[in-house]
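Report on the following structure.
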Amino acid sequence: MTINELLSVLFCLSGGVFFLAGTAGLIRFPDTYSRLHALTKADNLGLGFIVLGLIFVAGSLPETIKLVLIWPLAMIGSSSACYFIANHVHRLTRNKGITRD
Amino acid sequence: MNLAFDLLVGLSLVWVAWRIVGSRDHFQAVVLFITFGLILSLAWTRLQSPDIAIAEAAVGAGLAGVLFMDALGGLSSSPGSPRPAVPLTLLFPCLILASIMAIAVLFVPEDFLGLIPVVHGALTDTSLEYPVTAVLLDFRAYDTWLELGVLLVAVLGVMGIRRIGSISGSRLPAPADPVGRWIIRILLPIMVLIGGYLLWLGAFAPGGAFQGGVVLAAAGVMLWQAGHPSLGLLPRLWWIVLLFCGFLSFLILAFWSLFHSGRMLAHPENKLWILGVEYAATISIATCLISLVLASPGRCRVRDN
Amino acid sequence: MNTFFLGMALFLVLNILAGLWRVLKGPEPADRMVAAQLFGTTGVAALLLLAQALESPVIRNAALLFALLTVMAVLAFVRNTSYRDKHNNDH
Amino acid sequence: MNSLLIYSITATSLFTIGLMGLAAHPNLIRKIISLNIMAGGVFLFLISLAYHPDDPGVDPVPQAMVLTGIVVTISATAFALCLARRITEITGSSRLEDKPEDTDS
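Protein chains in written order, with this note's numbering: chain A, 1 to 101; chain B, 102 to 406; chain C, 407 to 497; chain D, 498 to 602.
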């Protein structure tokens with residue numbers, strides 16, 4: 001096992017830990033706002049670690065660039081989705097007359 | 102490990118499908134259906150069909166989600182039925198059907214090769230290097246041609262139901278807030294780029310007219326979601342030209358080869374012909390799918406009693 | 407090495423299955439939507455790992471598309487539910 | 498027990514589950530989702546027959562058929578949803594009941 005493969009395994013495993021944390025957060029957190037943390041923080045970090053791990057074994061330069069491109073795109077997508085959902089929930093609770101800080 | 106992965110994906114597909122059918126809440130069923138598409142694309146990946154995984158990614162994650170969410174918003178949100186979703190009298194015939202089909206699967210011979218040798222033998226006759234694209238655009242060009250016809254019929258049907266003649270007057274969603282406009286400004290050029298890249302890739306690697314068209318369609322729908330009329334900006338004539346250009350280019354190719362070689366849709370000698378047909382088909386697929394999504398929301402213009 | 411990547415992908419699929427509990431339980435539609443978006447990110451990672459494990463780099467295109475497109479369903483969801491609320495308030 | 502068997506049996510189960518949903522649900526959106534599940538089952542069956550793990554690779558003809566099939570399915574879904582909207586507008590309900598209600602109004 002070369003040093004590259006070892007690093008790759010290490011980073012992928014830590015990415016897996018973050019995904020596990022994200023899933024646990026999705027299931028265990030009490031309300032919608034806190035569940036959004038699982039989406040925007042834990043899973044994006046997990047994806048970042050897995051991308052980082054795969055870069056070590058990706059091979060050619062174009063493939064590496066594609067891999068590196070995927071992470072910021074996924075982050076843009078999920079963070080804006082988080083904003084939309086949070087905005088939506090906030091509007092709903094405000095319309096119902098429930099104040100929630 | 103392969104076997105474990107296959108078992109897990111298969112079981113989760115069946116379970117998710119069962120939950121989709123069994124759930125009372127319609128919104129829950131739609132979200133589960135989006136997840137179903139995701140797991141299905143993992144199965145396509147495992148079965149070494151990257152073309153289908155790409156198409157499923159664009160259709161399942163993008164277009165189908167938008168269509169069903171729109172439909173949930175438009176149709177009345179009546180709560181699910183209080184009785185059990187699946188009656189028992191239906192369960193037994195379906196179980197029998199499933200077991201008959203499963204037993205039939207056992208009789209598929211192990212060394213069943215299908216059409217692989219034929220396709221690979223004929224691949225030297227065509228100017229395309231990637232077999233799936235060669236099948237789509239050359240060997241089974243009739244299928245692709247009529248498939249474009251089906252898309253056109255679907256668009257005409259939707260236009261007929263909505264009683265509208267073009268999508269230029271179709272209802273716009275409320276303009277997205279600054280964040281929505283910002284992400285669309287970032288994501289849209291990348292999506293158009295990927296659509297073109299997939300189209301270019303199709304001659305020698307997984308990609309091609311269908312995948313490129315679906316990705317471009319998703320880009321158009323996303324633009325529309327930001328409150329921009331996207332294709333609705335076009336004059337009606339240009340919109341019709343874009344809708345029909347794929348179908349018409351196949352028609353022209355058919356007649357051209359009929360006069361030159363005596364057979365309809367024979368192998369064109371020149372690679373430019375195939376590329377032209379492929380590009381026209383991509384534009385038509387994208388235009389048809391965008392029109393289908395854009396034309397559906399809102400009420401009908403004329404209400405008859 | 408490929409077996410390790412396939413095993414990681416399997417682990418991510420297990421994560422998705424565990425997260426389905428939130429979709430089923432849900433109480434609000436927004437919770438279900440959060441779960442769907444989370445599956446999108448997990449699915450991107452699983453597809454990337456599968457691309458490495460099965461040695462077919464074109465799968466990365468599919469992963470790229472998932473990363474780009476999962477937000478579309480959220481946009482449609484927010485638009486339609488807020489429209490429906492406005493509609494209900496009118497009557 | 499190999500991958501071919503797993504995926505084909507999954508495909509037949511998906512087809513049956515979709516059929517069951519199509520018959521059981523009165524709501525039109527649910528019927529259309531069930532149709533989509535059935536389509537997924539058919540596609541999975543075709544591809545599982547096309548897949549050969551050994552040297553000849555994957556059969557391109559079913560792949561091309563499924564590729565066209567996916568695009569046809571999404572356009573048919575859009576058309577069906579449009580029809581469902583029209584039915585809802587005319588009858589005022591998005592359900593198909595066994596006993597038709599009085600729709601005099």
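Glycine included, each C-beta is placed from N, C-alpha and C at the ideal position.
Quick caveat: nothing in here was measured; it's all calculated off a predicted structure.
Report the residue from the options whose alpha carbon sits nearest the alpha carbon of residue i.
i: Pro232 of chain B; options: B:Ile386, B:Gly309, B:Arg125 and B:Leu112; result: B:Gly309
i: Asn486 of chain C; options: B:Leu164, B:Tyr298, B:Gln326 and B:Ser350; result: B:Gln326
i: Asn4 of chain A; options: A:Gly48, A:Asn44 and A:Leu54; result: A:Leu54
i: Gln149 of chain B; options: C:Phe483, C:Pro435, C:Val464 and C:Pro433; result: C:Val464
i: Thr574 of chain D; options: D:Asn533, D:Asn499 and D:Leu502; result: D:Asn533
i: Asn76 of chain B; options: B:Ala382, B:Thr383 and B:Trp357; result: Within the shown structure, residues of chain B are numbered from 102 to 406, placing residue 76 of chain B beyond reach of any answer.
i: His90 of chain A; options: C:Leu426, C:Asn408, C:Glu434 and C:Phe445; result: C:Glu434
i: Leu13 of chain A; options: A:Pro30, A:Gly46, A:Leu67 and A:Met1; result: A:Gly46
i: Phe311 of chain B; options: B:Trp246, B:Ile287 and B:Arg337; result: B:Trp246
i: Ile587 of chain D; options: B:Asp171, B:Ile262, B:His221 and B:Ala223; result: B:Ile262
i: Ser500 of chain D; options: D:Gly538, D:Pro557 and D:Leu546; result: D:Leu546
i: Phe540 of chain D; options: D:Ala520, D:Pro550 and D:Thr509; result: D:Thr509
i: Thr40 of chain A; options: A:Ser79, A:Asn95 and A:Arg94; result: A:Ser79
i: Val220 of chain B; options: D:Ala561, D:Ser505 and D:Gly538; result: D:Ala561
i: Ala381 of chain B; options: B:Leu393, B:Gly314, B:Thr146 and B:Thr225; result: B:Gly314
i: Ala367 of chain B; options: B:Ile391, B:Met260 and B:Thr227; result: B:Thr227
i: Ala235 of chain B; options: B:Ala154, B:Ala306, B:Val209 and B:Gly281; result: B:Ala306
i: Leu338 of chain B; options: B:Gly266, B:Ala304 and B:Leu302; result: B:Gly266
What does residue i reach in chain B if we use C-beta pairs closer than 7 angstroms?
i: Thr513 of chain D; result: Cys195, Leu198 and Ala199
Assuming residue i and residue j make a contact with CB atoms under 8 angstroms, what is their CB distance in whole Å?
i: Ile567 of chain D; j: Val251 of chain B; result: Between Val251 of chain B and Ile567 of chain D the Cβ distance is about 12 angstroms, and since that is not below 8 angstroms, they are no contact.
i: Ala42 of chain A; j: Ala21 of chain A; result: 5 angstroms
i: Val131 of chain B; j: Met170 of chain B; result: 7 angstroms
i: Cys579 of chain D; j: Val394 of chain B; result: No, Cys579 of chain D and Val394 of chain B are not in contact; Cβ-Cβ is about 10 angstroms, not under 8 angstroms.
i: Thr136 of chain B; j: Leu430 of chain C; result: At roughly 11 angstroms, the Cβ-Cβ gap does not stay under 8 angstroms, so Thr136 of chain B and Leu430 of chain C are not in contact.
i: Gly111 of chain B; j: Thr507 of chain D; result: 4 angstroms
i: Ile153 of chain B; j: Val569 of chain D; result: The pair is not a contact, with the Cβ atoms about 14 angstroms apart (cut-off 8 angstroms).
Go through its chain and collect everything with a Cβ distance to residue i's Cβ below 7 angstroms, but skip five positions before and after it.
i: Val419 of chain C; result: Ala452
i: Arg466 of chain C; result: Leu454 and Ala457
i: Leu324 of chain B; result: Ile285, Leu289 and Ser331
i: Leu92 of chain A; result: none
i: Ala158 of chain B; result: Ser142
i: Gly321 of chain B; result: Ser331, Leu332, Ala387 and Ile391
i: Gly138 of chain B; result: Glu157, Gly161, Ala162 and Ala165
Go through its chain and collect everything with a Cβ distance to residue i's Cβ below 8 angstroms, but skip five positions before and after it.
i: Leu335 of chain B; result: Ser269 and Leu343
i: His522 of chain D; result: Lys528 and Ser531
i: Val68 of chain A; result: Val51 and Ile55
i: Gly377 of chain B; result: Ser350
i: Pro604 of chain D; result: Absent from the structure is residue 604 of chain D, since the part of chain D shown begins at 498 and ends at 602.
For residue i, return the contacting residues in chain B, with the cut-off set at a CB-CB distance below 8 angstroms.
i: Leu456 of chain C; result: Leu143, Thr146 and Arg147
i: Thr588 of chain D; result: Near Thr588 of chain D there are no residues of chain B at all, since even the closest Cβ is about 10 angstroms away, more than 8 angstroms.
i: Leu412 of chain C; result: Met102, Asn103 and Phe106
Please report the distance separating the alpha-carbon of residue i from that of residue j.
i: Leu244 of chain B; j: Leu237 of chain B; result: Note on identity: in this sequence residue 244 of chain B is Asp, with Leu being the wrong assignment. Those two C-alpha atoms are separated by around 7 angstroms.
i: Ala86 of chain A; j: Tyr33 of chain A; result: 7 angstroms
i: Thr190 of chain B; j: Met517 of chain D; result: 11 angstroms
i: Ile526 of chain D; j: Ala536 of chain D; result: 15 angstroms
i: Met202 of chain B; j: Pro62 of chain A; result: 45 angstroms
i: Ser186 of chain A; j: Val57 of chain A; result: Chain A is shown from 1 up to 101; residue 186 of chain A falls before or after that span and cannot be answered.
i: Gly215 of chain B; j: His88 of chain A; result: 51 angstroms
i: Ala118 of chain B; j: Leu511 of chain D; result: 7 angstroms
i: Thr409 of chain C; j: Met439 of chain C; result: 32 angstroms
i: His497 of chain C; j: Ala319 of chain B; result: Unreliable placement is indicated for His497 of chain C, whose pLDDT of 40 sits below 50; no coordinate value is reported for it.
i: Ala81 of chain A; j: Val316 of chain B; result: 20 angstroms
i: Ser462 of chain C; j: Gly589 of chain D; result: 51 angstroms
i: Ile140 of chain B; j: Ala156 of chain B; result: 14 angstroms
i: Ser200 of chain B; j: Arg428 of chain C; result: 32 angstroms
Between residue i and the rest of its own chain, which residues show a CB-CB distance below 6 angstroms, the 5 nearest in sequence each way excluded?
i: Ala469 of chain C; result: Val450, Leu453 and Leu454
i: Ile422 of chain C; result: Phe445 and Thr448
i: Leu411 of chain C; result: According to the sequence displayed, residue 411 of chain C carries Phe and not Leu. Closer than 6 angstroms at Cβ, skipping near neighbours: Leu455, Gln458 and Ala459.
i: Met365 of chain B; result: Ala355 and Leu359
i: Gly347 of chain B; result: Leu249, Ala381, Ala382 and Ser385
i: Ala415 of chain C; result: Ala452, Leu455 and Leu456
i: Thr2 of chain A; result: none
i: Leu300 of chain B; result: Gly313 and Thr383
At a threshold of 8 angstroms, does residue i count as lining the ligand MN (C-beta to nearest heavy atom)?
i: Val480 of chain C; result: Looking at this structure, you won't find the ligand MN or any other ligand, since it has none at all.
Residues of chain C with a CB under 7 angstroms from the CB of residue i: which are they?
i: Leu36 of chain A; result: Val440
i: Phe128 of chain B; result: Pro435 and Arg438
i: Arg120 of chain B; result: Leu430
Against residue i, what residues of chain C qualify as contacts under a CB-to-CB distance less than 8 angstroms, listed in chain order?
i: Ile70 of chain A; result: Val450, Leu454, Arg466, Ala469, Leu470 and Ala473
What residues from chain E crowd round residue i, counting only those whose CB sits closer than 7 angstroms?
i: Leu39 of chain A; result: Among the chains of the structure shown, chain E does not appear; the protein chains present are A, B, C and D.
Strictly below 8 angstroms CB to CB, what residues from chain A border residue i?
i: Asn421 of chain C; result: Phe19, Leu20, Gly22 and Thr23
Along chain A, which residues have their Cβ under 9 angstroms away from the Cβ of residue i?
i: Ile287 of chain B; result: Leu73 and Ile76
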